[in-house]
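Here's the structure, in structure tokens; my notes come after.
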Amino acid sequence: MKSLMKKIAAVALAAATALGMAGVAATTANAAGPATLTVTSDNAGFSGNTVTAYQMFSATPNTDGESATYTLNSGWKAFFQTKGVNGADDNAFSQNAYTYVSALTDSAKIAEFAASASAWAAKQTTLDPASVTATEEAPYTATFSGLNYGYYLVTNDGADSIPHAILTNVTKTDNSVALKSEYPTVDKTVTGTGTKPENTDKGSSAQIGDTVNFTVKSKVPNYTEYTADFKYTFKFTDTLSKGLTFKNDVKVTVNGTALTADQFDVTSTNATDDATALTIDLAKSIKGFATDKATIGTEIVVTYSATVNEQAVAGQDTASNSVKLIYSNDPNNQDSVDDTPESKTHTYTFNFDLKKVDAKDANKTLAGAVFHLAKKDGTLVNLIKDGESYRPVKDGETGVADGKVTTPATGVIKFTGLAAGEYQLVEDQAPNGYNKLTDPISVTITATYNADGTLNTSNVAYSYGAEKGTGTTITVKNNEGTLLPGTGGMGTVAFTVVGVIVIALGVAWAIQRKRANA
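Quick note, the sequence shown lines up with residues -31 to -1, 1 to 487 if you use mature numbering (1 follows the signal peptide of the UniProt record, and there is no 0).
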């Protein structure tokens, strides 16, 4: 929970490193002129806090304050000795202390260093820090004046959602630093079964009956300042909209290690608008992780899945899923909690209609055409009738025989609840008096998504033979078949007449030949 502190420390130390600070004799102060430091926060929890500034290194800045040389204050020598720093004399020790701090390029190590420095400084009586009280009205500020130039550790005694320790340079006459609230964060992603979006992992598509997978990520908080008997709150609350059916398969890992079922609790209840309210509570196990330096700041990963059901309306945001994290935020009050902004995902289904018409008269719709729908690879899409439409079956449902559906008098079959992807419509039987299509109809459903996972555009494209088109209505033309000759028809009469003539000519020729030979 010290992310801002890490960033400030890293920036400040990087600036010092670029200067190539030379070690000089340790000193209690190296006054280079009075300076002002204003500390601000956007969190009301900063109101009225006691804010303390400890000068760890003194500094001699250049004219614009953009660079400086640094010298360790003698009061901090004992602290650096606990870190294994030593030196043949004060100059060498000061240089080695700087080298030690500047080598902390790993964010976790920088965070640990700042927390350690804060805890050590709070117990000292000879450091002579400056302390002020933050204002009680927004904007919340704490202003130090008369500071000597230097590199400072700034601490405050506020709620845990505010940084308790930061490191900052005071190398100009007027200096400021913002304590942005260090709320825990939560991030959710979804993986559907349709064509994967290129620009986001918060949007997806799936067909009814398919399973979509959700991943929720957060970080182990830092609760080292909380008492051993503190009753922690740390739980994910999730809302699955009416188009999703929770599968009760939650798994949790912390720092890559799977938690056992007795280390967290899962509850699900019905909510308004046919939604499902899901709670994943880590209160049983968070204490051990949040007070262990080895796991503080490591990743918490929660996974679970849901089935897309028939309430997922095609093209509408009826299969969304939102999550937030509720957590303890004050070591002095176990009833004090806060929550993160929601992280939301979106899953969509799509639809199209098939309309069967006469090739010569598009207003003449054709009943009796039999089709089945398959994926591009030939996998049959099992369908069930739902009102006036056909949709994919869910587990436990029995679909139409062989997935075959027949055009009614309107000539229209409505397909709904489909994922984005490539399909083929195969005509198994043509209407009476018409020729069957020789090749499948290729159908491609495409979708694009906004960065937040909401649907941007969707389109249906189709082709068969020389016919191509776009739109959610696929018009399929059938040609009437040509009748073959039947028994007793004109063709038979013609063949009979010709045959009689040929026979008569043959008989006449034979008689003539016989007379000639007589």
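Using N, Cα and C, we set each Cβ at its ideal position, and we do this for glycine too.
Nearest candidate by alpha-carbon position, reference residue i, set the options
| i | options | result |
| --- | --- | --- |
| residue 15 | 272, 31, 353 and 124 | 124 |
| residue 147 | 256, 378, 112 and 84 | 112 |
| residue 349 | 374, 418, 233 and 47 | 374 |
| residue 244 | 118, 213 and 263 | 213 |
| residue 441 | 400, 381 and 404 | 381 |
| residue 314 | 208, 352, 258 and 401 | 208 |
| residue 435 | 307, 199, 110 and 406 | 406 |
| residue 38 | 366, 26, 308 and 268 | 26 |
| residue 370 | 119, 390, 237 and 339 | 339 |
| residue 103 | 351, 205, 7 and 137 | 7 |
| residue 289 | 270, 65, 280 and 361 | 280 |
| residue 343 | 307, 387 and 317 | 387 |
| residue 358 | 236, 323 and 138 | 323 |
| residue 239 | 399, 351 and 215 | 215 |
| residue 140 | 337, 260, 32 and 312 | 32 |
| residue 66 | 383, 74 and 40 | 40 |
| residue 142 | 309, 64, 92 and 35 | 35 |
| residue 175 | 318, 412 and 447 | 318 |
| residue 394 | 347, 427, 448 and 267 | 347 |
Residues near residue i in its chain [Cβ-Cβ closer than 7 Å; skip 5 each side]
| i | result |
| --- | --- |
| residue 108 | 9 |
| residue 69 | 49, 52 and 54 |
| residue 23 | 90, 96, 98, 121 and 122 |
| residue 379 | 334 |
| residue 88 | none |
| residue 17 | 102, 103 and 105 |
| residue 337 | 375, 376, 400 and 401 |
| residue 308 | 293, 294 and 295 |
| residue 265 | 189, 191 and 259 |
| residue 202 | 252, 295, 296, 297 and 306 |
| residue 366 | 353 |
| residue -18 | The pLDDT assigned to residue -18 is 37, lower than 50, so where the model puts this residue is not dependable; a value taken from the coordinates is nonetheless given after this. So no residue of the chain qualifies. |
| residue 126 | 18 and 19 |
Euclidean distance between Cα positions of residue i and residue j
| i | j | result |
| --- | --- | --- |
| residue 301 | residue 90 | 21 Å |
| residue 58 | residue 194 | 36 Å |
| residue 81 | residue 191 | 11 Å |
| residue 287 | residue 72 | 51 Å |
| residue 158 | residue 377 | 42 Å |
| residue 443 | residue 292 | 39 Å |
| residue 356 | residue 154 | 43 Å |
| residue 167 | residue 417 | 8 Å |
| residue 4 | residue 248 | 50 Å |
| residue 188 | residue 283 | 36 Å |
| residue 269 | residue 431 | 44 Å |
| residue 438 | residue 171 | 30 Å |
| residue 205 | residue 256 | 16 Å |
| residue 295 | residue 236 | 15 Å |
| residue 119 | residue 137 | 9 Å |
| residue 372 | residue 383 | 14 Å |
| residue 450 | residue 241 | 56 Å |
| residue 263 | residue 425 | 43 Å |
| residue 421 | residue 251 | 27 Å |
| residue 423 | residue 62 | 58 Å |
| residue 211 | residue 310 | 22 Å |
| residue 331 | residue 341 | 22 Å |
Own chain, CB closer than 6 Å to residue i, minus 5 neighbours either side, in chain order
| i | result |
| --- | --- |
| residue 272 | 184 and 220 |
| residue 180 | 274 and 276 |
| residue 200 | 303 |
| residue 182 | 160 and 274 |
| residue 490 | In the structure as shown, the chain begins at -31 and stops at 487. Residue 490 is therefore absent and cannot be evaluated. |
| residue 285 | none |
| residue 345 | 391 |
| residue 93 | none |
Other residues of its chain near residue i: CB distance less than 8 Å, five sequence neighbours each side excluded
| i | result |
| --- | --- |
| residue 254 | 223, 228, 232 and 233 |
| residue 488 | Nothing about residue 488 can be read from this structure; the chain reaches only from -31 to 487. |
| residue 333 | 326 and 327 |
Whole-Å CB distance - residue i paired with residue j, under 8 Å assumed
| i | j | result |
| --- | --- | --- |
| residue 19 | residue 100 | 6 Å |
| residue 47 | residue 84 | Their Cβ separation, rounded to whole angstroms, is 17 Å, which puts residue 47 and residue 84 out of contact at 8 Å. |
| residue 385 | residue 320 | 4 Å |
| residue 225 | residue 362 | That pair is no contact at about 38 Å. |
| residue 429 | residue 414 | 5 Å |
| residue 169 | residue 390 | Their Cβ separation, rounded to whole angstroms, is 17 Å, which puts residue 169 and residue 390 out of contact at 8 Å. |
| residue 186 | residue 156 | 5 Å |
Entirely within the region 160 to 189 and at least 3 residues each: give me those beta strand (DSSP E) ranges in chain order. The region 160 to 189 contains, as complete beta strand (DSSP E) runs of 3+ residues, the segments 172 to 174 and 180 to 188 (chain order).
Every unbroken alpha helix (DSSP H) inside the region 366 to 396 [4 residues or more]: The DSSP assignment places no complete run of the alpha helix (DSSP H) inside the region 366 to 396 (cut-off: 4 residues).
Inside the region 297 to 351 only - beta strand (DSSP E) runs reaching at least 3 residues: Correct list: 306 to 308, 312 to 317, 319 to 327 and 339 to 344.
4 or more residues per run - each alpha helix (DSSP H) lying fully within the region 220 to 291: Taking only runs of at least 4 residues, the alpha helix (DSSP H) segments lying wholly in the region 220 to 291 are 252 to 259.
List in chain order: all unbroken beta strand (DSSP E) runs of 3+ residues lying wholly within the region 79 to 114. Segments of the beta strand (DSSP E) lying fully in the region 79 to 114: 99 to 102.
Ordered list of beta strand (DSSP E) runs contained in the region 409 to 451, each at least 3 residues: Taking only runs of at least 3 residues, the beta strand (DSSP E) segments lying wholly in the region 409 to 451 are 410 to 418, 424 to 433, 436 to 439 and 442 to 447.
Unbroken stretches of the alpha helix (DSSP H), 4 residues or longer, contained in the region 37 to 69: The qualifying runs are 46 to 51.
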